[in-house]
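Visitor: Have a look at the structure that comes next, please.
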Amino acid sequence: MGKGSNVQKAQAARERNQKKMGKSHEERQAATAKARLDATAYMCKICRQTFMVNAKLSLLYLHVTAKHDDKKDSPVECFDSLADFDPADPDGKNKAKSAAAAGPVKPKKSAKKKDDDL
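Numbering (my numbering), first residue to last: 561 to 678.
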C-alpha cells in the first residue's frame, strides 16, 4: 500500500517550496514601508533627528535637554508629544497615582432594613 496519492504529495511539496521562498515582493514592500514609518515616528523639529515609535517621552525630553539646551523650557518646539510632559515626573507615575486617587468613588451600600413586623 502507498502512503498517499500523488495529489497529496504534490500539495505537500508546494507548501514546502512556499516556505522556502519566504515573503513575496508585495509583502517585502509593505514590511519595509512599515519599518520606515516606525523608525521615523518622532522627529525633532529643530535638528530632524528621528526616534523609533517605542521611544518614551523621557527619552525625547532627554534629547531636548542634551542637544537643544536653550529650548529646555519649551520642549514642544522640538516634539509636539511633549505638550503635557512633566520633567519632575518623567514616567508619569505621580500623575497615575493622583488620577487613581481622584477616580470615581463607589457609592456606599445602604444597610438593609429588617422587617420585624412578622
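Ideal Cβ placement from N, Cα and C applies to all residues, glycine included.
Every value quoted in this text rests on a predicted model; they were computed, and no experiment measured them.
1) Taking C607 as the reference, give the member of Q578, D629, K580 with the closest Cα.
2) For a test of the three-state rule: what should DSSP assign to M603, helix, strand or coil?
3) Buried or exposed for K669, going by 16 or more other Cβ atoms inside 10 Å?
4) Any contact of the segment 602 to 617 with the segment 585 to 593, i.e. 3+ C-beta pairs under 8 Å?
5) When burial is assigned at 16 or more other CB atoms within 10 Å of the CB, is L642 buried or exposed?
Guide: This is what the structure gives:
1) Here residue 607 corresponds to residue number 47 of the sequence shown, with the count starting at 1. Of the listed residues, the one whose Cα sits closest to C607 is D629.
2) If you number the sequence shown from 1, residue 603 lands on position 43. Three-state DSSP puts M603 in a strand.
3) Residue 669 sits at position 109 when you count from the first residue of the sequence shown. Burial call: exposed.
4) no
5) On the sequence shown, residue 642 is found 82 positions in, with the first residue counted as 1. It is buried - the Cβ of L642 has at least 16 other Cβ atoms within 10 Å.
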